[in-house]
Each structure stands twice: as C-alpha cells, then as structure tokens.
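Okay, so the sequence shown: first residue is 224 according to the working numbering, each after it adds one.
For every residue, glycine included, the Cβ atom is placed at its ideal position computed from N, Cα and C.
As the structure is a computational prediction, the values presented were derived from the model and not from experiment.
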Amino acid sequence: MFCGERSAKEMAALKGEPDSEEGALKWIALAVLHGINDNAKKISVSRAADGEITITAKYRESELPSPGAAIGGKIFDVVKGITHIEGEKGKVPVAIGIRDSSIELKVRVAQDGKAEEVVLEFPE
Numbered sequence: 224m225f226c227g228e229r230s231a232k233e234m235a236a237l238k239g240e241p242d243s244e245e246g247a248l249k250w251i252a253l254a255v256l257h258g259i260n261d262n263a264k265k266i267s268v269s270r271a272a273d274g275e276i277t278i279t280a281k282y283r284e285s286e287l288p289s290p291g292a293a294i295g296g297k298i299f300d301v302v303k304g305i306t307h308i309e310g311e312k313g314k315v316p317v318a319i320g321i322r323d324s325s326i327e328l329k330v331r332v333a334q335d336g337k338a339e340e341v342v343l344e345f346p347e
C-alpha cells in the first residue's frame with residue numbers, strides 16, 4: 224500500500240472520531256503528510272452553504288475522502304484558530320514540524336456568502 228493510500232484511508236476513518244476538534248487536528252496532520260508524500264501542490268477543503276464538505280488535492284485532479292460534516296466543519300475553526308485569520312479572507316505561512324525537519328505551508332482561508340474554503344499550499 225502506498226503512503227498516500229494509507230493516509231487517505233486514515234483520513235476517511237476519521238468520520239467516526241467522537242471528538243470533532245481532535246478529529247479535525249488529526250485530519251489536518253494526515254492531509255499535510257499526504258501532501259508531502261504524494262507531492263501535492265495544494266489541498267483544498269470546501270464547505271458549501273448546505274454544510275457539505277468537499278476535499279480536492281491539486282497535483283492531479285483527484286478528490287480525497289471527506290471527513291464528514293462534523294469534523295469537516297471543525298477543520299475551518301481549527302485552521303482559523305491556528306493561523307489567527309479573521310474575516311472572510313486571509314493567507315499566512317505556517318511552519319509544520321515533521322520528524323527532524325519542517326515544512327512551510329501557505330494556508331489560505333476564503334469565504335464568499337455561500338461557501339468557505341481552506342487551502343493548504345505545499346512548496347515546490
């Protein structure tokens with residue numbers, strides 16, 4: 224099994240996580256690992272006005288498993304809490320420590336009256 228497949232399965236399994244905030248933190252960590260292991264350009268989390276969560280990875284058009292509405296909705300709160308982005312739009316660099324190294328992601332949050340999006344942009 225490839226690393227990306229394993230992290231995608233672990234991401235999908237988080238739908239049953241009883242603590243939505245902990246599930247959101249785990250999902251973000253798995254998304255970062257997935258992006259690094261699979262050479263992603265960016266991973267987007269979108270929430271439609273009806274609450275539906277859609278995840279898209281840009282490296283080739285593919286959709287990752289959704290974490291479900293409870294954890295997916297909490298991802299937006301957790302990312303805004305970590306980055307301190309307030310308002311409808313914002314973009315900040317975030318350094319993530321992984322093993323004995325670190326990676327700097329660009330985290331973007333956008334909202335237009337109908338939908339919201341969190342984007343994790345990975346370096347080249």
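Item	Value
Contact between the stretch 278–298 and the stretch 228–239 (3+ Cβ pairs under 8 Å)	yes
Cβ pair count under 8 Å reaching 3, the stretch 333–347 against the stretch 263–275	yes
Beta-carbon spacing of residue 250, residue 305 below 9 Å	no
When 309, 239, 258 and 271 are compared against residue 346, the one with the closest alpha-carbon	258
Unbroken stretches of the alpha helix (DSSP H), 4 residues or longer, contained in the stretch 232–319	243–260 and 292–306
First and last residue of the uninterrupted beta strand (DSSP E) at residue 337	Here residue 337 belongs to no beta strand (DSSP E), and DSSP marks it neither H nor E.
Backbone secondary structure at residue 225 - three-state DSSP	At residue 225 the pLDDT is 42, less than 50, meaning the model places this residue with poor confidence; the figure from the coordinates comes in the next sentence. Residue 225: coil per DSSP, three-state reduction.
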